[in-house]
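Visitor: Take this structure, written in structure tokens, and hold onto it; I'll ask about it next.
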Amino acid sequence: MSTNPELELALNFIEKTDRNLFITGKAGTGKTTFLHQIKNESLKRLVIVAPTGVAAINAKGVTIHSFFQMPFGPILPNQPPNNQQRRFSKTKIDIIKSLDLVIIDEISMVRADLLDGIDQVMRRYKNRNKVFGGAQILMIGDLQQLAPVVRPNEWSLLQQHYNTVYFFSSKAFLEADVVSIELKHIYRQKNEDFITILNEIRNDNLSEKSAKILNERYNPTFSPSKEEGYITLTTHNNRANLINNSELNKITNKSRFFEAEISGKFSENSYPNAAKLELKVGAQVMFIKNDSSQEKRYFNGKIGIITDISKTSVTVQCGNESDEIVTEKETWSNINYSINEDTKEIKEDLVGAFSQIPLRLAWAITIHKSQGLTFEKAIIDAEASFAHGQTYVALSRCTSLEGLVLKTPITSNAIINDKTVSVFNLSVEENHPDESILNESEIEFQLNLISELFDYQPFLYPITRLIDIFYKNQTSIKGDVIDHLQTIKDDGIVALMKVSNGFKNQLKVLSEDNILPENSSTIHERFTKAVAYFLNHTQNNIAKPLDAINFSTDNKAVKTDFSKQFDSLQEKLEEKLFALQKMTTGFKVQAYLEVRAKAVLQKMEPKKKKKVASKRDPILALKLRELRDEIRVAENIPAYQIFTQEALYAMCDDLPRTSQELLKVKGMGKTRVAKYGEEILEIINNYCTENGINKFNEQKKEDKKPTKQISFELFKSGLSIKEIAKERSLTVGTIENHLANYISSGDIDVLELIDLKRYKKIRNQIEEAGEVKGLTTLKEKVDADITYMELKMVLMSMEA
């Protein structure tokens with residue numbers, strides 16, 4: 001395939017640019033081979049999707065609807081994301097965010113609204129400001145073949161938004177600046193007359209000369225012998241089944257049945273063959289899969305006659321070949337995409353398998369199912385009227401005119417082509433790219449990657465939303481918030497966006513000498529300086545003020561909205577810092593693509609948002625919250641009506657001992673003090689007495705509790721380790737370390753922290769390890785799933 005210039009050009013556009021591509025070509029030009037070559041050789045992170053289950057299995061990918069979780073009805077532009085069928089998993093989101101390339105096979109069957117639906121999902125999880133979220137899209141297919149399916153009631157909705165049902169009418173396609181390449185070299189047919197006829201039918205201009213040559217193959221009474229191996233192509237499924245069943249019933253040999261072996265997830269709609277396959281010796285069959293063995297004895301579409309059947313295999317004689325083919329069950333895989341935790345590569349997981357004899361009765365097949373297949377001898381049964389492209393698909397399955405028989409003559413009336421498709425295909429031919437466009441696109445791709453590293457536009461949405469949420473709800477949001485948000489927006493994001501735009505313009509000027517940016521010493525020098533500048537300003541003007549924010553609110557809806565945007569901003573910051581820190585030595589395309597993916601996939605624990613916290617002991621805050629919960633449940637009222645979070649912190653800080661002092665606490669009016677004051681004051685006074693706090697609200701320094709004691713008391717009060725960690729805004733590991741100190745003294749039994757079965761396992765492994773120096777050496781001698789903390793706890797219990 002290296003001698004195919006269009007294919008080489010297409011491969012270069014995939015690997016060296018970020019241009020969105022439409023790869024088309026007549027039947028037999030190697031589009032499927034091209035797809036598999038990209039899959040096997042591309043260095044980009046990619047997934048393959050297709051519009052139907054069978055197409056997805058054949059392309060070794062997944063369906064569009066399953067990967068992008070699309071509804072099966074019309075997808076109207078700008079419909080809310082919650083119209084998606086179900087929530088996306090963290091793994092799926094990570095895959096989408098880290099994608100470089102999405103390959104869509106059989107694009108001719110993809111409706112405009114479905115392509116826009118893909119765009120919506122990609123924008124939602126990758127980059128809302130770029131078409132398809134900034135990922136490269138490769139669309140493969142032939143519009144002169146099978147068209148999208150749309151019901152009249154669906155089109156009545158969609159026609160308000162789209163000119164046609166085809167993918168090229170989608171809003172995303174029109175925005176995507178797509179490069180279209182037509183593969184020209186035909187591998188299937190060699191006869192020039194036949195190729196000319198197919199081209200004329202494809203272009204809806206069948207000449208009299210070609211029609212005459214074609215219709216010389218018309219023979220309505222033709223009845224082949226079984227040795228000749230003809231297959232009939234017909235328009236309807238019931239017609240194909242009728243022919244196959246009729247011919248099978250003529251054979252007096254006993255029927256043999258093969259049950260498919262189906263494991264895992266494999267939709268019935270995607271079965272590549274019958275789950276219960278009926279075959280007979282003497283039946284004409286077609287192989288429906290390429291031979292997976294090294295011998296490569298058969299291919300998808302090869303026809304022969306069954307000569308023998310055993311329990312596990314079928315023997316087939318193909319034409320005049322000297323050797324018969326013995327075939328056993330082949331397996332079709334249903335895959336899902338996930339991410340390898342070690343390498344961070346997108347991997348294919350086998351989620352289901354379908355194993356069956358790779359044969360199908362082949363006296364007849366529908367034109368629809370014949371797409372992609374090649375036949376040496378075929379009878380075209382055009383009894384029913386053809387839909388768009390069916391004449392072309394049917395005829396183009398054949399390798400030669402000599403192997404073709406027409407049951408009905410082919411006239412211009414039998415050629416139904418959609419005019420909009422013809423117009424679009426004409427534009428593809430007229431705008432075919434050349435090497436100069438490839439070179440320009442390669443430079444533009446590298447400049448885009450550099451600009452992306454210094455792009456702070458994605459930060460603008462979450463920071464603007466945070467500021468908006470604050471001003472709309474500033475009475476309920478407490479803490480040190482708005483000044484830091486304004487600093488982040490004005491001094492950080494907006495300022496860096498201005499610098500980034502200026503730098504982008506500089507790079508365009510510097511790249512006018514047509515040297516690739518990654519090979520330019522001047523750009524290399526500017527790039528490294530820019531990384532240092534942006535890294536410094538991001539840390540000082542975004543990271544530091546973001547870390548200084550603390551907030552609290554009793555309004556759950558506000559808290560949820562604020563936290564969502566806060567987390568989004570923090571996530572983008574972590575990704576940006578990671579990428580900048582990894583690119584300090586210079587720019588190379590492949591290195592940046594790897595860094596970009598790892599920046600998205602790094603498993604960093606999100607920083608806890610600082611809350612407006614009490615300076616006092618968290619035990620008092622816990623007891624006041626418990627009181628508030630008791631009253632809330634008893635009176636069936638919201639918690640904030642008893643006292644707000646802000647009032648709770650103030651009470652912990654000021655320790656009011658009388659009703660008059662309680663009235664001074666912001667938010668505690670006469671009504672609240674009258675209703676709940678007595679119980680609140682009882683808790684505060686008891687706390688002060690227990691901790692030796694005098695009337696001036698000063699805790700004796702010598703009585704101040706060690707932090708581990710606070711954790712111990714909370715544990716003994718019934719809180720779990722996770723609850724204590726949450727209450728004290730500490731990590732689980734820190735709390736475990738606090739509590740471990742009480743194992744030696746006997747105040748905590750190790751079995752309160754580790755269950756008995758695991759304790760015995762760890763203790764046995766410690767004893768088997770014998771005397772070792774240090775915890776690190778011991779850790780190396782026990783199972784990898786045993787933690788340092790567990791070892792420490794068990795050792796302390798053994799010493800005790």
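Note that UniProt numbering gives residue 568 to position 568 of the sequence shown, counting from 1, and the numbers run on in steps of one. Heads up, the beta-carbon is just placed ideally off N, CA and C, and yes, glycines get one too. Only a predicted model underlies this, so the values are computations on that prediction, with no experimental measurement involved.
(1) Do Gln765 and Val782 have their C-beta atoms within less than 8 Å of each other?
(2) Can you give me the Cβ contacts of Ile335 inside the same chain, cut-off strictly under 8 Å, excluding the 5 residues immediately before and after it?
(3) What span of residues does the alpha helix (DSSP H) with Gln645 cover, start to end?
(4) Can you round the beta-carbon distance between Phe534 and Leu496 to whole angstroms, since I take them to be within the 8 Å contact cut?
(5) Is the number of C-beta pairs between the segment 483-495 and the segment 452-469 that are closer than 8 Å three or more?
(6) On a Cα-Cα basis, can you pick out the residue from Arg625, Ile786, Lys670 that is closest to Glu727?
(7) Run the CB neighbour count on Ala364, radius 10 Å, all protein chains shown included, and call it buried at 16 or more, exposed below.
(8) State buried or exposed for Met798, treating a residue as buried only when at least 16 other CB atoms are found within 10 Å of its CB.
(9) Tell me which residue opens and which closes the beta strand (DSSP E) that residue 812 is part of.
(10) Which partner residues does Asn127 have in the DSSP bridge list?
(11) Around the Cβ of Pro220, are there at least 16 other Cβ atoms within 10 angstroms (buried) or fewer (exposed)?
(12) By alpha-carbon positions, which one of Asn550, Leu466, Gln136 ends up nearest to Asp480?
(13) Give, in chain order, every unbroken run of the alpha helix (DSSP H) that is at least 4 residues long and sits entirely within the segment 533-583.
(14) State the Cα-Cα distance for the pair Ala674 and Ile542, rounded to the nearest angstrom.
(15) I need the DSSP call for Ile786, collapsed to helix, strand or coil.
(16) In the DSSP assignment, the alpha helix (DSSP H) including residue 801 goes from what residue to what residue?
(17) Counting along the chain, where does the alpha helix (DSSP H) carrying Leu198 start and finish?
(18) Cα-Cα, which of Asn249, Phe22, Thr32 is closest to Ile57?
(19) So that I know if they touch, is there some Cβ in chain B lying closer than 8 Å to that of Thr671?
(20) Specify whether the segment 277-294 and the segment 244-256 touch according to this definition: at least 3 beta carbon pairs, one from each stretch, less than 8 Å apart.
(21) With Arg672 as the anchor, note down where its alpha helix (DSSP H) starts and where it stops.
(22) If Thr24 and Glu182 are in contact, beta carbons under 8 Å, what's the gap, nearest whole angstrom?
(23) Please classify Tyr788 as buried or exposed, where buried requires at least 16 neighbouring CB atoms within 10 angstroms.
(24) Check for me: the beta strand (DSSP E) holding Ser338 runs from which residue to which?
(25) Asn244 to Leu361, Cα distance in whole Å?
(26) According to DSSP, is Asp629 part of a helix, a strand, or is it coil?
(27) Could you work out which residue in Gln189, Val405, Lys190, Ile450 is closest to Lys576 when comparing CA atoms only?
(28) Per the contact definition of three or more C-beta pairs closer than 8 Å, is the segment 327-343 in contact with the segment 581-596?
(29) So, helix, strand or coil for Ile305, using DSSP?
(30) Which whole runs of the alpha helix (DSSP H) in the segment 397-480 are 4 residues long or more, in chain order?
(31) How do the segment 287-298 and the segment 390-399 stand: do at least 3 beta-carbon pairs fall below 8 Å, yes or no?
(32) Measuring alpha carbon to alpha carbon, tell me which of Gln317, Ser313, Ala591, Ile309 ends up nearest Lys302.
(33) Using the DSSP secondary-structure output, state which residues sit across from Gly352 in a beta bridge.
(34) What are the start and end residues of the beta strand (DSSP E) that includes Leu248?
(35) Write down every uninterrupted run of the alpha helix (DSSP H) in the segment 491-531 whose length is 4 residues or greater and which is fully enclosed by it, in chain order.
(36) Taking the alpha-carbon of Ser66 as reference, which of Met286, Ser270, Phe715, Leu601 has the nearest alpha-carbon?
Guide: In short:
(1) Yes, the Cβ-Cβ distance between Gln765 and Val782 is below 8 Å.
(2) Here the set comprises Lys60, Gly61, Val62, Glu348, Asp349, Leu350, Val351.
(3) Per DSSP, Gln645 belongs to the alpha helix (DSSP H) from 645-654.
(4) About 6 Å; that satisfies the 8 Å criterion.
(5) In short, these stretches touch, since the Cβ pair count reaches three.
(6) The candidate whose alpha carbon is nearest that of Glu727 is Arg625.
(7) Counting the other Cβ atoms within 10 Å of the Cβ of Ala364 gives 16 or more, which makes it buried.
(8) Met798 counts as exposed, since fewer than 16 other C-beta atoms from the protein chains shown sit within 10 angstroms of its C-beta.
(9) Residue coverage of the chain in this structure runs from 1 to 800, which leaves residue 812 outside it and unanswerable.
(10) Beta-bridge analysis with DSSP links Asn127 to no other residue.
(11) Pro220 is exposed by the Cβ-count criterion.
(12) Distances from the alpha-carbon of Asp480 to those of Asn550, Leu466, Gln136 put Asn550 closest.
(13) Entirely contained in the segment 533-583, the alpha helix (DSSP H) runs reaching 4 residues are, in chain order, 544-548, 556-582.
(14) Whole-angstrom Cα-Cα distance: 46 Å.
(15) In the structure shown, Ile786 sits in coil (DSSP, three-state: anything other than H, G, I, E or B).
(16) Since the first residue shown for the chain is 1 and the last is 800, residue 801 is missing from the structure and cannot be characterised.
(17) Element bounds for Leu198: 192-202.
(18) Among Asn249, Phe22, Thr32, the Cα nearest to that of Ile57 is on Thr32.
(19) Note that chain B does not occur in the displayed structure, where there is just one protein chain.
(20) Cβ pair count under 8 Å is three or more, so yes.
(21) Note, Arg672: alpha helix (DSSP H), 670-690.
(22) Glu182 and Thr24 do touch by the CB rule: their CB atoms are close to 5 Å apart, below 8 Å.
(23) The residue is exposed, with fewer than 16 neighbouring Cβ atoms inside 10 Å.
(24) Where Ser338 is concerned, the enclosing beta strand (DSSP E) stretches over 330-339.
(25) Asn244 and Leu361 have their C-alpha atoms spaced approximately 6 Å apart.
(26) In the displayed model, Asp629 falls within a helix according to three-state DSSP.
(27) Minimum Cα distance to Lys576 is reached at Ile450.
(28) In the pairwise beta carbon analysis, the segment 581-596 is classified as not touching the segment 327-343: fewer than three pairs are separated by under 8 Å.
(29) Residue state, collapsed to three classes: strand.
(30) Counting whole runs of 4 or more residues, the segment 397-480 contains the alpha helix (DSSP H) stretches 419-430, 435-453, 457-472.
(31) When C-beta atoms of the segment 287-298 are compared with those of the segment 390-399, fewer than three pairs fall below 8 Å, so the two segments do not count as touching.
(32) Looking from the CA of Lys302, the closest CA among Gln317, Ser313, Ala591, Ile309 belongs to Gln317.
(33) According to DSSP, which records beta bridges pairwise, Gly352 is partnered with Gly264, Asn334.
(34) Following the DSSP letters along the chain, one finds Leu248 in no beta strand (DSSP E) but inside the alpha helix (DSSP H) bounded by residues 237-250.
(35) Listed in chain order, the complete alpha helix (DSSP H) runs (minimum 4 residues) inside the segment 491-531 are 495-510.
(36) Relative to Ser66, the option among Met286, Ser270, Phe715, Leu601 whose CA is nearest is Ser270.
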